[in-house]
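Data first, discussion second: the structure below is written as structure tokens.
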Amino acid sequence: MARRSKPLSDKGRLIGGYFSFIMVSEAFVTNTVTILFLSVIVGTFALPKKIRYVIHGLFLFALGLIPILYTLNVLSFTFGEAGIIKYVVAVVVVFTARSLIMEGVHEEGPMRWVSIISGIIIIILVTVPTLHKLGALTFTIPEYPQIIDQVIYIIASILLFIGIFLSKSD
Numbered sequence: 015m016a017r018r019s020k021p022l023s024d025k026g027r028l029i030g031g032y033f034s035f036i037m038v039s040e041a042f043v044t045n046t047v048t049i050l051f052l053s054v055i056v057g058t059f060a061l062p063k064k065i066r067y068v069i070h071g072l073f074l075f076a077l078g079l080i081p082i083l084y085t086l087n088v089l090s091f092t093f094g095e096a097g098i099i100k101y102v103v104a105v106v107v108v109f110t111a112r113s114l115i116m117e118g119v120h121e122e123g124p125m126r127w128v129s130i131i132s133g134i135i136i137i138i139l140v141t142v143p144t145l146h147k148l149g150a151l152t153f154t155i156p157e158y159p160q161i162i163d164q165v166i167y168i169i170a171s172i173l174l175f176i177g178i179f180l181s182k183s184d
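In the numbering used here, the protein residues as written are 15 to 184.
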């Protein structure tokens, strides 16, 4: 008979079916989902520009929506909080904000500046605190609620999707 292992936290989850004896902790699920998610995003840099931008937009949308749904107890997982994961997320968010700026440059009309400014804001909100934590900057942005980042990510992803369809280049 298989021995059941204890979960890493009180909030372990039992996986059904053939593997009903395996207890999976929330930390394991959270870190696994985050690593898989980031691996897919990093792999998109080899794809054509439009497809890459769609995937980056979906990443930003998920990065904003998943923590909100987790806070509202709709989802039982969120993105991992491990140190290296935070830095990888920061790098991917900066590249995604760069995509937003690049699409904004190719857009026509008033959405152009909204996209460019949104991309710049995201880059500042992500890089300044990250560089401060690494000791590269002596100043940082004052603390603010995480919901602000999450809402900005959702709005920026929508702008990136709009930019993909309004762009004059391929």
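Even glycine gets a Cβ: it sits at the ideal position worked out from N, Cα and C. None of these values were measured; they are calculated from a predicted model.
Taking 8 Å as the cut-off, decide whether the C-beta atoms of residue i and residue j are in contact.
i: L173; j: E122; result: no
i: V107; j: V128; result: no
i: L52; j: T110; result: no
i: Y67; j: I169; result: no
i: I176; j: I135; result: no
i: A104; j: T58; result: no
Quick check: what's the CA-CA separation for residue i versus residue j?
i: V102; j: L77; result: 13 Å
i: T92; j: P81; result: 6 Å
i: S113; j: H70; result: 8 Å
i: T85; j: Q164; result: 11 Å
i: I131; j: I137; result: 10 Å
i: T154; j: H146; result: 6 Å
i: A41; j: H120; result: 41 Å
i: Y158; j: V47; result: 26 Å
i: S171; j: S39; result: 31 Å
i: V88; j: K100; result: 23 Å
Between residue i and residue j, how many whole angstroms is the CB-CB distance? I'm expecting something under 8 Å.
i: R126; j: G118; result: 5 Å
i: L148; j: V142; result: Their Cβ separation, rounded to whole angstroms, is 11 Å, which puts L148 and V142 out of contact at 8 Å.
| Ordered list of alpha helix (DSSP H) runs contained in the stretch 120-150, each at least 4 residues | 125-147
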